[in-house]
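Chemist:
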Amino acid sequence: MNNKQKIKKGGQWLLSPAAQHTIFSRETFTDEHRQIEKMVFDFAEDTILPQVKDIEELSEDLSRSILLKMGELGLIGVDTPEEYGGTNLDKITACLITEGVSWGGSASFGCTFGVQTGIGSLGIVFFGTEKQKKKYLPKLNSGEWIAAYGLTEPSSGSDALSAKTTAFLSEDKKHYILNGEKQFVSNGGWADIYTILAQVEGNKFSGFIVDRNTEGLSIGNEEKKLGMKGSSTTSVKFKDAKVPVENLLYEVGKGATIAFNALNIGRYKLGSASVGGSKQAIKQTIRYSLDRRQFGQPIARFDSILGKIADMTIRIYAADTMLYRTVGMIQDAIDYLDENDPK
18 MNNKQKIKKG GQWLLSPAAQ HTIFSRETFT DEHRQIEKMV FDFAEDTILP QVKDIEELSE
78 DLSRSILLKM GELGLIGVDT PEEYGGTNLD KITACLITEG VSWGGSASFG CTFGVQTGIG
138 SLGIVFFGTE KQKKKYLPKL NSGEWIAAYG LTEPSSGSDA LSAKTTAFLS EDKKHYILNG
198 EKQFVSNGGW ADIYTILAQV EGNKFSGFIV DRNTEGLSIG NEEKKLGMKG SSTTSVKFKD
258 AKVPVENLLY EVGKGATIAF NALNIGRYKL GSASVGGSKQ AIKQTIRYSL DRRQFGQPIA
318 RFDSILGKIA DMTIRIYAAD TMLYRTVGMI QDAIDYLDEN DPK
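Given below as structure tokens:
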């Protein structure tokens, strides 16, 4: 991890030989990594896991209370500088925390937490003005406020830049007037602030911070989902919604930069969430196979069951190894850029 080298471009890292000292793995965790890992896994075991059924009842109060407790422990603002209420730890720690939350066995709360610490707030962390950061980030990192992110629309999903939500500058140049609809907004029904992507003057994809109490903003009904029923997913509609010009995020026309930088962080964090949930699943599988008895013995003694558990263990180990090797490479690149950035 401490060995700095020239950053490889494109897919070069797939073809270049890897030396042992350049590969990050669990064996390379620092004492701080292990302490945080224990803290978050213990928290998930004690606080999230016993309340999974209640979380699945779509309890906003319960999810907020868990977020507040995590804020007190400093587990929300891991990607945020300390001056804005964060802890500014490395990406390995961010993955450990996400994995630990998912170990709690609630994909619903994992989604709520993931949006809070990812796409809902990172646009402000990366591109917000000093005033925006001071106003919003401390309350997001404490868990007092919940964040959401609106990109998908009824007519645009993966083709995000074709979004139809519009934003026009008012005649007095004090507000942007937003019109349109965002769909499948995670945390949508609970959020206090939204990062919304819209087309300024018809073709300049841009980001905005929109407060929940904005006049002209309305929230749709909760989606009836097949899974993750304990996380809020709604539409968010804008009808002549007046957003102050100072709530423009970054610059006009820079919405794609905001959107994809925030989304890219979520891509590897989703991997850590999957690993954490899978580890809890195999724990429950082993427990059940020891409790369930057939033909006078636990089914865990049957070769067919042992084979399935072995396959699960192998796949989870492989996923865990790939996850932390990848995140180690990302952290190496970040460290390299930080030390060599002329700014």
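The numbering used here puts the sequence shown at residues 18 to 360.
Note that the Cβ used here is the ideal one computed from N, Cα and C, for glycine as well.
#1: If you compare alpha carbons, which of W207, G345, F312, V260 is closest to E161?
#2: Okay, do the segment 220-231 and the segment 184-201 touch, 3+ Cβ pairs below 8 Å being the bar?
#3: Between the beta-carbon of I72 and the beta-carbon of G247, is there less than 8 Å?
#4: When you compare only the Cα positions, how much space is there between V217 and A279?
#5: Out of T250, L139, G272, E116, which one is the CA nearest neighbour of T183?
#6: Identify whether S173 lies in helix, strand or coil by the three-state DSSP scheme.
#7: If we ignore side chains and look at the alpha-carbon of each, how far apart do G122 and F312 end up?
#8: Give a yes or no on contact between the segment 164-171 and the segment 104-114, applying the rule of three or more CB pairs nearer than 8 Å.
#9: Determine the direct distance from the alpha carbon of L340 to that of I326, and round the result to whole angstroms.
#10: In whole angstroms, give me the CA-to-CA distance for K151 and R309.
#11: Using three-state DSSP, classify N19 as helix, strand or coil.
#12: Sort L234, V269, L265 by Cα distance to S252 and report the nearest one.
#13: With DSSP as the reference, identify every bridge partner of G224, one or two as the case may be.
#14: Terminal residues of the continuous beta strand (DSSP E) containing Q68?
#15: Please report the residue range of the alpha helix (DSSP H) in which K271 lies.
#16: In the DSSP output, what is E198 paired with across the bridge?
#17: Tell me the rounded alpha-carbon separation between G137 and P315.
#18: Quick one: measure Cβ to Cβ for I299 and T330, integer angstroms, because I've assumed they're closer than 8 Å.
#19: Which residue marks the beginning of the alpha helix (DSSP H) containing T134, and which one marks its end?
#20: Using the rule of at least 16 other Cβ atoms within 10 Å of the residue's Cβ for burial, across every protein chain shown, is F58 buried or exposed?
#21: Specify, as a first and last residue, the run of the alpha helix (DSSP H) that I83 falls within.
#22: Where N20 and I109 are concerned, what is the direct C-alpha to C-alpha distance, given to the nearest angstrom?
Modeler: The short version:
#1: Nearest to E161 by C-alpha distance, out of W207, G345, F312, V260, is W207.
#2: Two segments are said to touch when three or more pairs of C-beta atoms, one from each, lie closer than 8 Å; by this definition the segment 220-231 touches the segment 184-201.
#3: The answer is yes: Cβ separation under 8 Å.
#4: Distance between the alpha carbons of V217 and A279: 20 Å.
#5: With distances taken between Cα atoms, T183 lies closest to G272.
#6: The answer is strand: DSSP assigns S173 an E or B state.
#7: Computed Cα separation, rounded: 31 Å.
#8: Touching, no.
#9: The straight-line gap from Cα to Cα measures roughly 21 Å.
#10: K151 and R309: Cα-Cα distance of roughly 54 Å.
#11: The predicted position of N19 is uncertain, since its pLDDT is 49 and thus under 50; a value taken from the coordinates is nonetheless stated next. DSSP, reduced to helix, strand and coil, places N19 outside both helices and strands of the structure shown, so it counts as coil.
#12: Of all alpha-carbon atoms in L234, V269, L265, the one lying nearest the alpha-carbon of S252 is that of L234.
#13: Residue pairing from DSSP places G224 in a beta bridge opposite L214, L266.
#14: First-last for Q68: undefined, no H or E at that position.
#15: First-last for K271: undefined, no H or E at that position.
#16: Answer is K254.
#17: Going from the Cα of G137 to the Cα of P315 covers about 46 Å.
#18: Between T330 and I299 the Cβ distance is about 6 Å, and since that is below 8 Å, they are a contact.
#19: Its alpha helix (DSSP H) spans residues 124-134.
#20: The Cβ neighbour count for F58, taken over all protein chains shown within 10 Å, is at least 16; the residue is labelled buried.
#21: I83: member of the alpha helix (DSSP H) spanning 77-89, first to last residue.
#22: Residue placement at N20 is poorly supported in this model, since its pLDDT is 49, which falls under 50; the coordinates are not used for a value here.
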